[in-house]
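Engineer:
Numbering (the numbering used here), first residue to last: 1408 to 2116.
1. Which parts of the region 1765-1823 are runs of the alpha helix (DSSP H), unbroken and 4 residues or longer, counting only runs that do not cross its ends?
2. Can you list, in chain order, the residues of its chain whose CB lies under 7 Å from that of residue 1963, leaving out five sequence neighbours each side?
3. Exposed or buried, which one is residue 2024 when buried takes at least 16 other CB atoms within 10 Å?
4. So, with DSSP's three-state summary, where would you put residue 2076?
5. Just verifying my parser: in three-state terms, what is the DSSP assignment at residue 1512?
6. Between the region 1765-1776 and the region 2047-2054, do at least 3 Cβ pairs fall closer than 8 Å?
7. Using a Cβ-Cβ cutoff of less than 7 Å, which residues in the same chain neighbour residue 1773 once the five nearest sequence positions on both sides are dropped?
8. Below 8 Å between beta carbons: does that hold for residue 1679 and residue 2005?
9. Rounded to whole angstroms, what's the CA-CA distance from residue 1453 to residue 2089? Just pull it up for me.
10. In whole angstroms, what is the alpha-carbon distance linking residue 1457 and residue 1498?
11. Would you mind sorting residue 1589 into buried or exposed? The rule is 16 or more other CB atoms within 10 Å of its CB.
12. With H, G and I counted as helix, E and B as strand and the rest as coil, what does DSSP make of residue 2032?
13. If we count the other Cβ atoms within 10 Å of its Cβ and call it buried at 16 or more, is residue 1529 buried or exposed?
14. Classify residue 2103: buried if its beta carbon has 16 or more other beta carbons within 10 angstroms, exposed otherwise.
15. From residue 2093 to residue 1720, what does the alpha carbon distance come to, in whole angstroms?
16. According to DSSP, what are the bridge partners of residue 1763?
17. For residue 1829 versus residue 1869, is the C-beta distance shorter than 8 Å?
18. Any contact of the region 1483-1491 with the region 1561-1573, i.e. 3+ C-beta pairs under 8 Å?
19. How would you call residue 2086, buried or exposed, if buried means at least 16 neighbouring beta carbons within 10 angstroms?
20. By a C-beta neighbour count over all protein chains shown, 10 Å radius and 16 as the cutoff for buried, is residue 1461 buried or exposed?
21. Going by DSSP in three states, residue 1865 sits in which element: helix, strand or coil?
22. Is the region 1592-1607 touching the region 1655-1667, taking contact as three or more C-beta pairs under 8 Å?
23. If you run the structure through DSSP and keep just helix, strand and coil, what is residue 1951?
24. What is the DSSP secondary structure of residue 2102, counted as helix, strand or coil?
25. Going along the chain, which residues of its own chain have a beta-carbon closer than 8 Å to the beta-carbon of residue 1712, five neighbours each way excluded?
26. Compute the Euclidean distance between the alpha carbons of residue 1433 and residue 1732, then round it to the nearest angstrom.
27. Between the Cα of residue 1668 and those of 1842, 1883 and 1484, spot the shortest distance and give me the residue it belongs to.
28. What are the start and end residues of the beta strand (DSSP E) that includes residue 1893?
29. Run the CB neighbour count on residue 1904, radius 10 Å, all protein chains shown included, and call it buried at 16 or more, exposed below.
30. Apart from the five residues just before and just after residue 1523, which ones in its own chain have a Cβ nearer than 6 Å to its Cβ?
31. Residue 2084 by DSSP, collapsed to three states: which one?
32. Let me check understanding here. Comparing Cα to Cα, which of 1514, 1946 and 1771 lies closest to residue 1591?
33. Using the Cα positions of residue 2019 and residue 1793, report the straight-line distance between them to the nearest angstrom.
34. Spatial neighbours of residue 1481 within its chain, please: C-beta separation below 7 Å, excluding the five flanking residues on both sides.
35. Identify the continuous alpha helix (DSSP H) that holds residue 1478 and give its terminal residues.
36. Indicate whether residue 1936 and residue 1954 have their beta-carbon atoms separated by less than 8 Å.
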């Protein structure tokens, strides 16, 4: 036994907790990466005793079994120095990462935790203190609870930053400086799938050059406002950071620094295509074992690269049921009979969708955006003769436009020129051409003499997705249901436009309030984040995008308040990709998606914010007391141009007659349906590689019962 007089460091105590062992037991010999590596790990007592049952069991205190396994595997007493952790949403991979960090504190100078954004870093720091090791960091937890801040001086062993910021720093350092600063460091990279090895920074460099030129001209202009100059300087500074490839700089520091450990975290290693696994594995593979771009297609090469370097764990079974709602609308009315052509196209998708047929005026605008992306003009002034007649009603673009952006925006919202109500004879605008004054004028025309529900219905010919969402939103508020709207597009007809529409039907944005403060002798306006739950019942929402410069975690915590489980005080959260990782949104019963991504993992991550372990405890109890059943409804919107009559029918007929049709009519000319169909085919390829990762993970045997259920 250990003498009571010996003072044991916390990291060693943690290791002993992980293994329930004494110091003399730390003499285990660990296997090399041989043919039976996984089996040898499985048979070691300290690992085998932590085998997972099919369902997650909450520990009485401390770490889950799988977190103990990882902390032991990458601890100071084993020879292993890198690991890719593929643990799905809700498994607690953040606390697993911090358990590894704490277990290495005796031998490492520091742990550098890299997240995609500072918002996420704040959330991870909070989890370390309040959730993962609350006993060790009790004083800091108390400080956070009383509204205080925790900085680097309170957590000297940890550094929280972003891959881009670290990459910019490394790019300016010599090899000697890198070695001195980053040796004996544990690197943890969260959401590692976001770091791309072949990221193209050419466009960023072009933008940077333009902004620099613009800044010089502005500084030379005596009439320029100081605030405008400062804003442009910030834009230049931001672009300068984005011209450095973070991936290359990370590889550089991993190659030069000595005695380091690397931990990569992700729930979805492959987002858009299966080949993305190569870039991730190359971050932890030795220089002489790097994979080539096409090596993911070789099972043998992939297995060799994976051996001893991957941990895989599925999400625990979540009791909260979800339902993808399937509906079909024409002119704001739900129809039960779906035309055979559309029905066939919908059958290609593995998920039920809310399909809404556009009005003729929106169909016209939408197909014009299709013209700009699909058909190539003869020159900059004229269309080719064979192009559909509708294309000739607009000028050819100077260069072929992105189908994804144009069609996506035209499916969200169209306005008449200068904010008038659109009609078939007048010009329409969408996307970046929509300016705030246009939107104000349009909404004022639409809402005149109408109540909230009537405004929602009146929107259908110009914004069918928003029309249906708002109608469902009003019904959800009346029945005590919190709602999450996930949007990827912010400007133009995206989230900002939806926000303004909601404010005009009785909803209030309570994300922050503006306060006048005195700074350096000048009065400035400062945004102050929501501090507490409102006391009166009313239709309210919070709005969180990349441009929302407040503490998003604290705002979400207030939205999650048990008293707000039915959304009586804040019903709605509108969020973009910025909150689809690292945040938990509780007691949500409905989710709306207006502009889907091209891949299922991104959509899955967004859904994983609202459906996860412990996400519906309060509302479930409320519903059970009423003898009601909890089902989370997911509305995935699919806007379809009207191709059975009018301008759409003519367009379709002319396009079918064209030579070399280029498959432009696939998926009924719907960008949404095109995305959902593509999503399905991509997911099949990704799942095949995921299966290899799961079956060859070092903990395959230990986590077998969880992963095969």
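No residue lacks a Cβ here, since even glycine has one placed at the ideal position from N, Cα and C. Quick caveat: nothing in here was measured; it's all calculated off a predicted structure.
Structural biologist: Looking at the atomic coordinates:
1. 1767-1781 and 1810-1819
2. 1990 and 1992
3. exposed
4. helix
5. coil
6. yes
7. 1765, 1814, 1817, 1818 and 2048
8. yes
9. 39 Å
10. 15 Å
11. buried
12. helix
13. buried
14. buried
15. 16 Å
16. 1736 and 2046
17. yes
18. no
19. buried
20. exposed
21. helix
22. yes
23. strand
24. helix
25. 1688, 1692, 1696, 1698 and 1702
26. Low confidence applies to residue 1433: its pLDDT is 49, below 50, so where it sits in the model is not reliable enough to give any reading.
27. 1484
28. 1889-1893
29. buried
30. 1598 and 1601
31. helix
32. 1514
33. 52 Å
34. 1487, 1490, 1507, 1668 and 1670
35. 1472-1480
36. no
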